[in-house]
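Numbering-wise (the working numbering), the sequence shown opens with residue 24 and increments by one. Before any comments, here is the structure.
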Amino acid sequence: MLDTLDDLDHRLIALLRDDGRLPTATLAKKLSVSRGTVQNRIDRLLRSGLLLGFTIRLRSEVEIPAVRAMTLVEVRGNETDAVVGALRRLPEVVEVHSTSGRWDLIVEIRVQDLSTFDRVLRDVRSIKGIANSETNLMLAHYK
């Protein structure tokens, strides 16, 4: 699907990423296309699974999960798919990224408190296929 995105799709996604609440009419005006075209593009992106939905952003001090962490994960051998699958099943894991360099994955964890964080970290470390990990707590958010 990514290879079928054209310039209009990319510009539409950029506008929605900045403000997912923009009305179709506003998007159409900014993109110089009809409202129907915008709605059809959004529907197609949703159906394809490329656009997963619309969300909100809160100021960091307002966010409910008080503890945020980034866990760097080294995967043993060719077990990446199994490890990613296990991580995605943990509700406290909000994002999993593959990366280059020393670490294979970057995992974002959000929880209410440190005792929950401790449990989740134990769960993560017990996943078969994880060779090593390093976790950094997020202290402040600047952008």
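Where a beta carbon is used, it is the ideal one built from N, C-alpha and C, also for glycine.
Nearest-angstrom Cα separation, counted from residue j out to residue i
| i | j | result |
| --- | --- | --- |
| A51 | V119 | 33 Å |
| A163 | F140 | 17 Å |
| L137 | V143 | 10 Å |
| I132 | D42 | 24 Å |
| K151 | L110 | 11 Å |
| E115 | V107 | 14 Å |
| I129 | Q62 | 34 Å |
| R145 | I153 | 12 Å |
| R40 | G72 | 16 Å |
| G124 | N101 | 16 Å |
Short Cβ contact (8 Å threshold) for residue i with residue j
| i | j | result |
| --- | --- | --- |
| M161 | R91 | yes |
| L28 | L38 | no |
| D66 | T103 | no |
| Q135 | A89 | yes |
| E97 | N155 | yes |
| R64 | L31 | yes |
Beta-carbon contacts of residue i that lie in its chain and below 7 Å, excluding the five residues immediately before and after
| i | result |
| --- | --- |
| R34 | L54 |
Bounding residues of the alpha helix (DSSP H) (the contiguous stretch that carries residue i)
| i | result |
| --- | --- |
| T49 | T47 to L54 |
| I65 | R58 to S71 |
| H33 | D30 to D41 |
Contacts around residue i, its chain only, beta-carbon distance under 8 Å, and the 5 residues preceding and following it disregarded
| i | result |
| --- | --- |
| V147 | T94, V96, L110, L113, V116, V130, I132, I153 and S156 |
| V56 | L31 |
| R80 | none |
Other residues of its chain near residue i: CB distance less than 6 Å, five sequence neighbours each side excluded
| i | result |
| --- | --- |
| L74 | L68 |
| T60 | none |
Enumerated in chain order, which unbroken segments of the beta strand (DSSP E) with a length of 3 residues or greater are wholly contained in the segment 86-154?
As far as the segment 86-154 is concerned, its whole beta strand (DSSP E) runs of at least 3 residues are 90-98, 116-121 and 128-134.
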